[in-house]
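J.:
Numbering (the UniProt record's numbering), first residue to last: 1 to 946.
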């Protein structure tokens, strides 16, 4: 069993009262609880933000304004959010809150997806478990009523989770892909694409899931490589099925006096035989089918490999793309032996009809052996196509379906990336993008479901004559309504609609869910109408989603966006890596490692986790495996970490790199970080007292070197955070904020607080207030709770959500916070000093006077700064070299010591003596000292270095 996260033992949850003001705002005049409680901190703020309309963009500013618009990838309406969704929410909300604090007009559109296959499967399973009904026991309208009822019962679960995560979405624009307005957009898109000649109907081999009884898109197929015989469970099959074997058997040659031709067989399929250059005596001969007695012509084709197997193969044109091409080339009949449900149908032989295809395979092999035609099996390495949704083995069936030609749209999508108009982040995704676009095929849009957008196409029948003779498979017309389709049929038949009695039957199939999802960036804004939202907020700026959706969703949005609106739907795409559990395993309900974000936020016992498993409608085998998986991974349950800690833990991962391993322990460590900030701000509030009169942080002019140093650290954090956010490197931004609060402000500056409290009153407010503004995009609840209690100089916004995000350029403009580069506008600053055992002053790391890593000699107890004692930097190819800087403002004169391995230099007793004190402890990069500590507390000095 997994050990509990470090630093955590189950605790009793303490509930605190949180009185509200008349407008619903949490009252901040009451005392803060003695200890940090995420439950207390995160209560009431979100509902107040929402009531204040903070998430709705203001009216357009005359003369134009800076706009950020983006959409939330719509999660499945009947599911619940997992940590992968939470990662997307945390990253997008950080960007959204950051831009909103910078004064941008921000629109973040929420929505949910109807998820045709997933939703229908869940409702069907529920009907069977609760009522013993199958979908086929209901009419289509009755089943759809059940789906809508399910959506009403469970659809709000996702919206509740999004609010719990603090997502600052504009709920007034929330979209659902089956809403009437969105449905009109789907129909309009289909009609326009059909009118452009891009959508057409054809009889082709389609990727088919027998478990779902529906066609799938090629990208929904997961190839599974097998090196040899492998037993797998297949839905609907009573026992495991062995794959990775090749069966050989013999065909009787008609009129051949017992002669046999040996071929390769994928059992339970049948068809003509094709062999390479034919022996003379087989020219014009026929083979007799072992079971039906049907005569099969022997034909030759150069695509057959003579050296592979026996050199003879059977052809199954109804179940293989290469065989279909071969059959059409030779005029062979197109037979299908597998039905929609995966059972055998009559062309495969009446004795097999209705039997599961993999059970039939064993029967075929046994029957061949009885007839003396079985020649054996051999191991066969292969790639097995698997349905990503059901786990079924994919079959290829001949079906008449609607297809979307993608070649021209793909060329434009490819050009958008190569030209730089569309930026993929990280950049390495561009190679896969180009390869996929270069090899794209037609997109099968039809799905054999009841839940979804019904195909707006109608089959035309003329009662007196049946199907028009020019259209033997029936005339199909497309329209926005039946009346429009009827008019189109009349035009095609060259007769007025009122003179011909036409019968129109709408296609029972629905459209692929990804087709409607691909319209989301513009349909959610009102397309095809030219709405004010569409004019102002489309195209959107950026999309953040998982890299696994690059082709499922992103590519299709780009293709359809350009085709239907003439513009890219967004200019940047941030693709985060695949999210895995702490052991590197893919998140899976059947493994029990899928974590509800709300369980990390509020905490959950093992019993609570396992009770929820029983409500997920898993089959008995999956439930058993998942229950055991949870027991192993969370034997002590999940600790309460809070929303802010979870968000920061998610944002701390470098999503640009390898797969992300999410660990509850990381969230717990960020809860401890929240506690550190809580205590630091409480210290600040106590130090200031009730009568403190604040001034704008940018106008603070501290005099003491330590005060200037800590403010210079703040300037550096502000600059780094802004730079990283501009580059969509959210992990770098949160690292800068984390380092300032923990390492600079708490671990160094506040250590001397009790001794120098009187002089610290001036820099404490800007550090706390600007530090909370820095924190706000990542930890909005903690930031708001503490910021509301700090004294602020007027005019102050009513909420931290609207407070200006710190600007490094403003903070270094003039002799205020210090830390800026040298220049006439940046006067020389007093140099920092730290006390070292009462014997002298050691140096201080800092970007003061434009000298990163300067170590300053302060001239002994109480003395003023004497100049540079050394410089930390990579000068002349010597990383970590300690340079003699030749006094204040002087030039480097040579290396006097090494900074790093084996240790750091510190000041002991003799002015300017630099002692090696051993390995650094990581508190400040390259350092092993803390202010106020005697050198005896550290490792013994190793010798004078300078």
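Just so you know, even glycine gets a beta-carbon here, dropped at the ideal spot from N, CA and C.
In the DSSP assignment, what residue or residues form a beta bridge with residue 432?
T.: Residue numbering aside, residue 432 sits at position 432 when the chain shown is read from its first letter. None, per the DSSP bridge assignment.
J.: Looking at the structure shown, is residue 178 part of a helix, part of a strand, or coil, going by DSSP?
T.: One-based indexing of the chain shown puts residue 178 at position 178. In the structure shown, residue 178 sits in coil (DSSP, three-state: anything other than H, G, I, E or B).
J.: Let me know the alpha helix (DSSP H) ranges lying completely inside the stretch 726-795, each 4 residues or longer, listed in chain order.
T.: With a minimum length of 4 residues, the continuous alpha helix (DSSP H) runs that stay inside the stretch 726-795 are 730-739, 757-760, 764-775 and 780-787.
J.: Quick check: residue 724 and residue 733, are their CB atoms within less than 7 Å of each other?
T.: As a first step, residue 724 is located in the chain shown; it is residue number 724 there, counting from the start. As a first step, residue 733 is located in the chain shown; it is residue number 733 there, counting from the start. Yes.
J.: Per DSSP, what kind of secondary structure is residue 101 in: helix, strand or coil?
T.: The residue you call residue 101 lines up with position 101 of the chain shown. Three-state result, residue 101: helix.
J.: Alpha carbon to alpha carbon, how far is residue 345 from residue 398?
T.: Position 345 of the chain shown, counted from the first residue, corresponds to residue 345. Position 398 of the chain shown, counted from the first residue, corresponds to residue 398. Looking at the two C-alpha atoms, the distance is approximately 14 Å.
J.: Taking 7 Å as the limit between beta carbons, can you name the residues of its chain near residue 792, skipping five residues before and five after?
T.: Counting from one through the chain shown, the residue named residue 792 turns up at place 792. Counting only Cβ-Cβ distances below 7 Å, and skipping sequence neighbours, we find 694 and 769.
J.: Apart from the five residues just before and just after residue 35, which ones in its own chain have a Cβ nearer than 7 Å to its Cβ?
T.: Within the chain shown, residue 35 is the residue found at index 35, counting from 1. Counting only Cβ-Cβ distances below 7 Å, and skipping sequence neighbours, we find nothing.
J.: What are the start and end residues of the beta strand (DSSP E) that includes residue 387?
T.: Along the chain shown, one-based indexing puts residue 387 at 387. Note, residue 387: beta strand (DSSP E), 382-387.
J.: Taking the alpha-carbon of residue 339 as reference, which of 356, 804 and 73 has the nearest alpha-carbon?
T.: Position 339 of the chain shown holds residue 339. For the residues 356, 804 and 73, the minimum Cα distance to residue 339 belongs to 356.
J.: Name the two residues that bound the continuous beta strand (DSSP E) containing residue 231.
T.: Translated into positions along the chain shown, residue 231 becomes position 231. Where residue 231 is concerned, the enclosing beta strand (DSSP E) stretches over 230-232.
J.: Among the residues of its own chain, which have a CB less than 7 Å from the CB of residue 577, if the five just before and after it don't count?
T.: Taking the chain shown and counting its residues from 1, one reaches residue 577 at position 577. 547, 655, 657, 658, 659 and 660, listed in sequence order.
J.: For residue 354, which residues of its own chain have a beta-carbon under 6 Å away from its beta-carbon, when the five flanking residues on both sides are left out?
T.: Here the question's residue 354 lines up with position 354 in the chain shown. Contacts found: 343.
J.: Any idea what DSSP makes of residue 252, helix, strand or coil?
T.: Position 252 of the chain shown holds residue 252. Correct three-state label for residue 252: strand.
J.: Is residue 239 helix, strand or coil when you go by DSSP?
T.: Reading the chain shown from its first residue, position 239 is the one you call residue 239. Coil at residue 239, not helix or strand.
J.: Quick check: the Cα distance between residue 750 and residue 69, rounded to an integer number of angstroms?
T.: If you number the chain shown from 1, residue 750 lands on position 750. If you number the chain shown from 1, residue 69 lands on position 69. If I take the Cα positions, the gap works out to 40 Å.
J.: Among 406, 179 and 165, which one has its Cα closest to the Cα of residue 602?
T.: Residue mapping note: residue 602 aligns to position 602 of the chain shown, counting from 1. Comparing Cα positions, the closest option is 165.
J.: For a test of the three-state rule: what should DSSP assign to residue 379, helix, strand or coil?
T.: Residue 379 sits at position 379 when you count from the first residue of the chain shown. It is a strand residue.
J.: Which class does residue 896 belong to by DSSP, given the choice of helix, strand or coil?
T.: As a first step, residue 896 is located in the chain shown; it is residue number 896 there, counting from the start. Low local confidence applies: a pLDDT of 40 at residue 896 is under 50, so the model's placement there is unreliable, and no value is given.
J.: Roughly how many angstroms lie between the CA atoms of residue 491 and residue 297, to the nearest whole one?
T.: Here residue 491 is taken as the residue at index 491 of the chain shown, counted from 1. Here residue 297 is taken as the residue at index 297 of the chain shown, counted from 1. So the alpha carbons of these two residues sit roughly 45 Å apart.
J.: Report the rounded CA-to-CA distance for residue 330 versus residue 318, giving the unit in angstroms.
T.: By 1-based counting over the chain shown, the position of residue 330 is 330. By 1-based counting over the chain shown, the position of residue 318 is 318. Approximately 14 Å between the Cα atoms of the pair.
J.: Between the alpha carbons of residue 847 and residue 218, how many angstroms are there, rounded?
T.: The residue labelled residue 847 in the question sits at position 847 within the chain shown. The residue labelled residue 218 in the question sits at position 218 within the chain shown. Residue confidence is low: residue 847 scores 37 on pLDDT, short of 50, so the model does not pin down where it sits. Its coordinate-derived value is still stated next. Rounded to the nearest angstrom, the two C-alpha atoms are 55 Å apart.
J.: Runs of 3 residues minimum, wholly inside the stretch 151-214: which ones carry the beta strand (DSSP E) assignment?
T.: Fully enclosed beta strand (DSSP E) runs of 3 or longer: 199-209.
J.: Tell me, please, which residues DSSP counts as bridged to residue 321.
T.: Taking the chain shown and counting its residues from 1, one reaches residue 321 at position 321. Residue 321 pairs with nothing; no bridge assigned.
J.: Quick one: what's got a C-beta closer than 8 Å to residue 505's C-beta in the same chain, skipping five residues either side?
T.: Along the chain shown, one-based indexing puts residue 505 at 505. Within the same chain, residue 505 has close Cβ partners 458, 459 and 461.
J.: Determine the burial state of residue 392: buried for a count of at least 16 other Cβ atoms within 10 Å of its Cβ, exposed for fewer.
T.: If you number the chain shown from 1, residue 392 lands on position 392. Residue 392 comes out buried.
J.: According to the neighbour-count rule (16 or more other Cβ atoms, all chains shown, within 10 Å of its Cβ), is residue 20 buried or exposed?
T.: Indexing the chain shown from 1 puts residue 20 at position 20. Exposed: under 16 other Cβ atoms inside 10 Å.
J.: Determine the closest residue to residue 22 out of 52, 33, 32 and 518, with distance taken between C-alpha atoms.
T.: Indexing the chain shown from 1 puts residue 22 at position 22. Checked all of 52, 33, 32 and 518; the closest Cα to residue 22 is 52.
J.: Which of the three DSSP states is assigned to residue 670 in this structure?
T.: Stepping through the chain shown from its first residue, residue 670 is reached at position 670. In the structure shown, residue 670 sits in a helix (DSSP, three-state: H, G or I).
J.: For residue 583, count neighbouring C-beta atoms within 10 Å of its own C-beta (all shown protein chains included) and say buried if the count is 16 or more, exposed if not.
T.: The count along the chain shown starts at 1 and reaches residue 583 at position 583. Exposed, because fewer than 16 other Cβ atoms sit within 10 Å of the Cβ of residue 583.
J.: By the DSSP assignment, the alpha helix (DSSP H) with residue 46 in it spans what residues?
T.: Start at 1 with the first residue of the chain shown, and residue 46 comes out as number 46. Start and end: 45-51.
J.: In the DSSP output, what is residue 476 paired with across the bridge?
T.: Here residue 476 refers to the residue found at position 476 when the chain shown is read from its first residue. Partner(s): 459.
J.: Starting from residue 286 and walking both ways along the beta strand (DSSP E), at which residues does that stretch end?
T.: Counted from its first residue, the chain shown places residue 286 at position 286. Run containing residue 286: 286-288, per the beta strand (DSSP E) assignment.
J.: In angstroms with no decimal places, state the Cα-to-Cα distance between residue 15 and residue 220.
T.: Translated into the one-based positions of the chain shown, residue 15 becomes position 15. Translated into the one-based positions of the chain shown, residue 220 becomes position 220. Their Cα atoms are separated by approximately 47 Å.
J.: Restricting to Cα atoms, I'd like to know which of 214, 89 and 811 is closest to residue 651.
T.: Here residue 651 refers to the residue found at position 651 of the chain shown. The shortest C-alpha separation from residue 651 is found at 89.
J.: Would you identify the three-state DSSP class for residue 40, choosing helix, strand or coil?
T.: Taking the chain shown and counting its residues from 1, the one referred to as residue 40 is at position 40. Residue state, collapsed to three classes: helix.
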